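Written out below as structure tokens is the structure these notes cover.
Number of protein chains: 2
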Amino acid sequence: MPKRADLSDTFCPVGRSAELLGDRAVLLILRDLFFGRRRFEAIAANTGLGPQLVSARLKLLEGEGVVERHAYQDRPLRHEYRLTDKGKDLFGVLYAMRGWAERWAYKDGETGGGPAMRYIHRACGSDVGTATVCPGCGAALGYGDLKGDPSPALKAEQAARAG
Amino acid sequence: MPKRADLSDTFCPVGRSAELLGDRAVLLILRDLFFGRRRFEAIAANTGLGPQLVSARLKLLEGEGVVERHAYQDRPLRHEYRLTDKGKDLFGVLYAMRGWAERWAYKDGETGGGPAMRYIHRACGSDVGTATVCPGCGAALGYGDLKGDPSPALKAEQAARAG
DNA sequence: CTTGTCACTATGATTATCATAGTTACGATG
DNA sequence: CATCGTAACTATGATAATCATAGTGACAAG
Chain Y
5 MPKRADLSDT FCPVGRSAEL LGDRAVLLIL RDLFFGRRRF EAIAANTGLG PQLVSARLKL
65 LEGEGVVERH AYQDRPLRHE YRLTDKGKDL FGVLYAMRGW AERWAYKDGE TGGGPAMRYI
125 HRACGSDVGT ATVCPGCGAA LGYGDLKGDP SPALKAEQAA RAG
Chain A
5 MPKRADLSDT FCPVGRSAEL LGDRAVLLIL RDLFFGRRRF EAIAANTGLG PQLVSARLKL
65 LEGEGVVERH AYQDRPLRHE YRLTDKGKDL FGVLYAMRGW AERWAYKDGE TGGGPAMRYI
125 HRACGSDVGT ATVCPGCGAA LGYGDLKGDP SPALKAEQAA RAG
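Those protein sequence lines, which keep their order, are chains Y and A. So in our numbering, the last spot in the first sequence is 167, and the numbers never skip. So in our numbering, the last spot in the second sequence is 167, and the numbers never skip.
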């Protein structure tokens, strides 16, 4: 493609976010990072993206201050990727995407009755459904407040991709 | 690009959303639709996207049931685009993106002190900041509950693009 | 000293994107 | 009645991002 117009200097906040988030690969990598996958190969395998794309996007995310490269061993030198505070704060976006998909993107019965991914409010134990506020205790929900529980179908899919 | 892997049959809800939302043009068009721009030319002008891209993405969004084409006059025949209920339900995603950008994507003073886009809770009049729950009355916030108020800088930028 | 793992980089074919220009249908202006 | 203007597109060609596949470097284990 030709060089796309730069949105990083627009005053519109959605435009600024779109510059980073309007990209399939970025979204999938962030999802995996939130899911706890920190290693390059694990991310590449689960997302199905080629190593070149994963590499490019992780560099981009690092440059944006959303992700940090961290050596987890010295001999041989190996790195893992972690979300920074700025990165963790993107949880609201991914959680909203998940909520929308749970409500609209599945055929009846496709997930076996429940959601593809259940979230439990750690503090009170309630299943929060797709709400932004805990239906049990009324608290606002952020990353860290929630415990994800993938459905059997989702778990099987991920296991298959991990090879 | 080569044909990218299809994510519409993954069990991961973020993956399904990413198939649609992991695209700059889609995000910008949705933003404009939420902002009240319904006409093709208005969207093309404000987003800065070429007519071919706008056309392709509106067709995609229509096919996904997110947008509806609606004739607003007969002679000559003219169409406008409106969000369906499924489309309006994407507000949470765009709102989360806006919140993240307001918190992280601006340099100090760049917006003149306040947010680039203020949101007021219609029911109680509170400025909601970037919260998902009204800080004034505690209600959960959705599209329709909020009244957007662009900062002078953002208003000027949009006026300039409208030509 | 061959095999395996991890984190990448290199290469080449494919195709989406952009900028620009053109089209269709109509109404209004001169 | 011929041109101009507007809205909503479609057509064309150059450019560049993406994918699949293969290869690299550093080390450890067998």
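Even for Gly, the Cβ is constructed at its ideal location relative to N, Cα and C. Treat the numbers as computed from the prediction; the structure is a model and nothing was measured.
Counting C-beta pairs with one atom in each stretch, the segment 119 to 135 of chain Y and the segment 73 to 86 of chain Y have fewer than three that are closer than 8 Å, which means they do not touch. Taking a beta-carbon distance threshold of 8 Å, P55 of chain A does not count as an interface residue toward chain Y.
Against chain A, the CB of D93 of chain Y has a partner CB under 8 Å away; the residue lies at that interface.
For Y110 of chain A, the three-state secondary structure derived from DSSP is coil.
With a beta-carbon spacing of about 34 Å, G103 of chain Y and G113 of chain A fall beyond the 8 Å limit used to define contacts.
With respect to the 8 Å criterion, R35 of chain Y and L94 of chain Y are not classified as neighbours on the basis of their beta carbons.
Inter-residue distance for D89 of chain Y and E66 of chain Y is about 12 Å (C-alpha atoms, whole angstroms). I33 of chain Y places its beta carbon less than 8 Å from that of L62 of chain Y. Excluding sequence positions up to five before and after V137 of chain Y, its CB lies within less than 8 Å of the CB of A143, A144 and L145, all in the same chain and listed in chain order.
Bounds of the alpha helix (DSSP H) holding E23 of chain A are P17 to L25.
For V58 of chain Y, the closest C-alpha among the options Y:E45, Y:A163 and Y:D131 is that of Y:E45.
With respect to the C-alpha of G69 of chain A, the residue from A:R79, A:A48, A:S130 and A:L24 having the closest C-alpha is A:L24. Counting only unbroken stretches of 4 or more residues, the alpha helix (DSSP H) elements lying wholly within the segment 76 to 149 of chain A are 89 to 92 and 95 to 108, in sequence order. With contacts defined as CB atoms closer than 8 Å, A157 of chain Y and F15 of chain A qualify as a contacting pair. Under the Cβ distance rule, P17 of chain Y counts among the residues neighbouring chain A, one pair being separated by less than 8 Å. For R42 of chain A, the secondary structure class from DSSP, reduced to helix, strand or coil, is coil. Residue burial is scored here from C-beta neighbours: G117 of chain Y has fewer than 16 other C-beta atoms within 10 angstroms and is therefore classed as exposed. Listed along chain A are W108, each with a C-beta nearer than 8 Å to that of K90 of chain Y.
As computed with DSSP, P154 of chain Y is found in a beta bridge with Y:M121. At least one C-beta of chain A is nearer than 8 Å to the C-beta of L158 of chain Y.
For R73 of chain Y, the pairing in a beta bridge is given by DSSP as Y:Y85. Spanning the alpha carbons of G148 of chain Y and P55 of chain A requires a straight line of approximately 43 Å. Interface residue (Cβ-Cβ distance to chain Y less than 8 Å): E161 of chain A is classified as such. Judged by DSSP secondary structure, G67 of chain Y falls within the alpha helix (DSSP H) whose first and last residues are P55 to G67.
With contacts defined as CB atoms closer than 8 Å, A163 of chain A and P17 of chain Y fail to qualify as a contacting pair. Between S155 of chain A and A105 of chain Y, the gap from beta carbon to beta carbon reaches 8 Å or more.
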